[in-house]
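Quick note: the sequence shown uses full-length UniProt numbering, first residue 1, plus one each step.
Each residue gets a CB set at the ideal place from its N, CA and C atoms; glycine is no exception.
All figures in this text were calculated on a predicted structure; none of them were measured in a lab.
Shown next, in structure tokens, is the structure this report addresses.
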Amino acid sequence: MRKLLAFFLLLGMSASAQVAINIDNSAPDPSAMLDIKSTNRGFLAPRMSEAQRNAIVTPAAGLVVFQTNSSPGLYINSGTPELPSWNLVGSNSGYWQSSGSDIYYNLGKVGIGTSTPNASLSVSNTSLQGIATAGSFQIGPSDTYNLVCDNNEVQARNNGTGSTLYLQYWGGNIDLCSSGGTSGFYGPVNMYSNLTAYGRIGIKTNPNYDLDINSTSYTAANIYSPYNGGTTTQVIAGGTTAGTWAFYAYATTLGFAAYFSGNIYCTGSYLPSDEKLKDNIQPMKNSLDKIMQLDVVTYNYNTTGFPELNLPTDRQIGFTAQNLESAFPELVKLNPPKKEQPVEFKAVNYTGLIPVLTEAIQEQQSLIEKMQMKIDELEKIINSQH
Numbered sequence: 001m002r003k004l005l006a007f008f009l010l011l012g013m014s015a016s017a018q019v020a021i022n023i024d025n026s027a028p029d030p031s032a033m034l035d036i037k038s039t040n041r042g043f044l045a046p047r048m049s050e051a052q053r054n055a056i057v058t059p060a061a062g063l064v065v066f067q068t069n070s071s072p073g074l075y076i077n078s079g080t081p082e083l084p085s086w087n088l089v090g091s092n093s094g095y096w097q098s099s100g101s102d103i104y105y106n107l108g109k110v111g112i113g114t115s116t117p118n119a120s121l122s123v124s125n126t127s128l129q130g131i132a133t134a135g136s137f138q139i140g141p142s143d144t145y146n147l148v149c150d151n152n153e154v155q156a157r158n159n160g161t162g163s164t165l166y167l168q169y170w171g172g173n174i175d176l177c178s179s180g181g182t183s184g185f186y187g188p189v190n191m192y193s194n195l196t197a198y199g200r201i202g203i204k205t206n207p208n209y210d211l212d213i214n215s216t217s218y219t220a221a222n223i224y225s226p227y228n229g230g231t232t233t234q235v236i237a238g239g240t241t242a243g244t245w246a247f248y249a250y251a252t253t254l255g256f257a258a259y260f261s262g263n264i265y266c267t268g269s270y271l272p273s274d275e276k277l278k279d280n281i282q283p284m285k286n287s288l289d290k291i292m293q294l295d296v297v298t299y300n301y302n303t304t305g306f307p308e309l310n311l312p313t314d315r316q317i318g319f320t321a322q323n324l325e326s327a328f329p330e331l332v333k334l335n336p337p338k339k340e341q342p343v344e345f346k347a348v349n350y351t352g353l354i355p356v357l358t359e360a361i362q363e364q365q366s367l368i369e370k371m372q373m374k375i376d377e378l379e380k381i382i383n384s385q386h
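Right, dumping it as structure tokens:
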């Protein structure tokens with residue numbers, strides 16, 4: 001008890017209605033009931049979790065606590081004891097006044113037109129815009145025509161009943177484009193002229209199929225397209241039974257069936273190799289000599305010189321197409337320039353090297369076996385002389 005009394009005496013507490021805690025015996029500020037002064041220590045507020053803070057019964061307005069979890073910091077009750085509103089000191093939460101603005105903040109939720117929001121943002125109104133039921137967003141008064149959006153649909157309603165949702169009801173095209181209000185070459189999506197109302201979609205054509213695309217000859221990515229001059233891909237998809245294709249791509253003599261800028265991952269890969277599909281079958285010879293002509297190199301792609309190819313930036317291992325072509329021209333293909341990709345370059349079929357390496361290993365194994373036979377004969381001669 002003596003130590004406690006001495007401690008308070010040293011702090012210089014005043015005996016008036018105001019209290020000053022300091023070591024220089026200065027009087028409290030006239031505007032403060034409690035004036036704490038220190039240059040090397042701070043004020044330590046009660047520490048508690050968010051659940052403990054929310055469990056305080058009828059907290060007084062202005063009550064201060066330090067929350068230790070879930071956005072920790074100093075919190076102040078800016079609401080009332082009956083309707084507390086805890087705000088993190090130094091944040092922008094709850095700093096507006098509800099009077100005159102009809103905007104309320106309560107327990108981390110914002111209400112517009114309601115002082116008891118039940119979601120992160122609750123809007124209550126009966127005029128032009130408002131909230132419908134169960135989290136739906138409603139545009140238009142609830143008793144006449146309106147548009148309602150909920151978690152999985154957009155619907156047009158007439159006094160709460162179902163109504164048809166139209167896009168461009170009075171005719172004309174539906175354009176999805178980047179700017180300017182027109183569908184042009186540089187628009188991300190161009191859709192128009194769906195003239196046949198049979199549940200079909202036509203893109204730049206009057207559709208004859210469920211999805212019919214009329215593309216140009218040099219950028220053809222067609223689905224049931226009448227054009228044959230496409231230089232990139234054609235796609236036919238459908239069916240789940242054996243003998244059907246989920247994805248089918250083909251190309252003419254020039255060009256590739258598919259071109260991907262990036263890595264390709266798959267769980268399996270097969271190439272047609274049935275003997276009945278092949279003519280002029282000849283055994284391969286001298287693969288080992290040709291393999292010895294190849295130069296294995298490490299390299300980086302010239303990404304700055306050819307940015308349109310989106311080449312990888314990491315270090316690579318392989319052959320140059322020119323070096324591989326000198327020994328195995330069948331494994332190198334020229335990619336001609338196109339309007340959308342005006343770069344001509346040679347590509348390499350690394351998978352085609354597998355049978356070449358197989359034959360080279362067989363040649364090498366044959367040489368090893370012949371050498372082993374000679375070694376065995378020499379060992380017999382040496383052993384016979386001892």
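May I have the straight-line CA-CA distance separating residue i from residue j, to the nearest angstrom?
i           : j       : result
Pro-117     : Ser-85  : 12 angstroms
Asp-35      : Ile-21  : 6 angstroms
Ile-317     : Leu-324 : 14 angstroms
Ser-38      : Ala-61  : 27 angstroms
Arg-41      : Ala-55  : 30 angstroms
Ala-258     : Tyr-301 : 21 angstroms
Ala-327     : Leu-311 : 26 angstroms
Lys-338     : Asp-279 : 33 angstroms
Gln-372     : Ser-384 : 18 angstroms
Gln-322     : His-386 : 57 angstroms
Ser-31      : Asp-24  : 19 angstroms
Val-57      : Asn-77  : 12 angstroms
Leu-367     : Thr-267 : 38 angstroms
residue 423 : Phe-260 : Any answer about residue 423 is impossible in this case: the structure gives the chain only from 1 up to 386.
Pro-272     : Asp-212 : 31 angstroms
Lys-346     : Pro-329 : 11 angstroms
Leu-378     : Gln-365 : 20 angstroms
Thr-205     : Pro-336 : 30 angstroms
Lys-374     : Tyr-299 : 42 angstroms
Asp-102     : Phe-43  : 36 angstroms
Gln-18      : Ala-27  : 9 angstroms
Ile-281     : Asp-274 : 12 angstroms
Ile-264     : Ile-201 : 31 angstroms
Lys-276     : Tyr-270 : 17 angstroms
Met-33      : Ser-70  : 32 angstroms
Leu-63      : Leu-147 : 44 angstroms
Ile-203     : Thr-304 : 36 angstroms
Looking at the structure shown, is residue i part of a helix, part of a strand, or coil, going by DSSP?
i       : result
Asp-212 : strand
Lys-290 : helix
Lys-333 : strand
Ile-56  : coil
Ile-264 : coil
Ile-381 : helix
Gln-316 : strand
Leu-277 : helix
Asn-258 : Rather than Asn, the amino acid found at residue 258 in this sequence is Ala. It is coil, neither helix nor strand.
Ile-21  : strand
Ser-366 : helix
Val-348 : strand
Ser-326 : helix
Val-356 : helix
Leu-147 : strand
Asp-376 : helix
Met-371 : helix
Leu-34  : strand
Leu-309 : helix
Are residue i and residue j touching if we call contact CB-CB under 8 angstroms?
i       : j       : result
Leu-353 : Leu-334 : no
Ala-51  : Val-65  : no
Ser-287 : Glu-359 : yes
Gly-73  : Leu-88  : yes
Thr-114 : Tyr-105 : no
Thr-80  : Ser-49  : no
Val-348 : Leu-309 : no
Please identify the residue among the options whose C-alpha is closest to the C-alpha of residue i.
i       : options                            : result
Asp-314 : Lys-276, Asn-280, Gly-262, Phe-345 : Gly-262
Val-296 : Tyr-350, Ser-26, Leu-83, Glu-377   : Tyr-350
Lys-285 : Met-33, Ile-201, Pro-355           : Pro-355
Lys-290 : Leu-357, Pro-28, Tyr-265, Pro-342  : Leu-357
Gln-293 : Phe-319, Pro-342, Ile-203, Ser-120 : Phe-319
Glu-363 : Asp-29, Lys-374, Pro-283, Phe-345  : Pro-283
Leu-83  : Pro-59, Ser-71, Ser-26             : Pro-59
What whole-angstrom Cβ distance do residue i and residue j have, given they're in contact under 8 angstroms?
i       : j       : result
Tyr-75  : Arg-47  : No, Tyr-75 and Arg-47 are not in contact; Cβ-Cβ is about 11 angstroms, not under 8 angstroms.
Ser-124 : Val-110 : Going by Cβ atoms, the distance from Ser-124 to Val-110 rounds to 12 angstroms, so no, they are not a contact pair.
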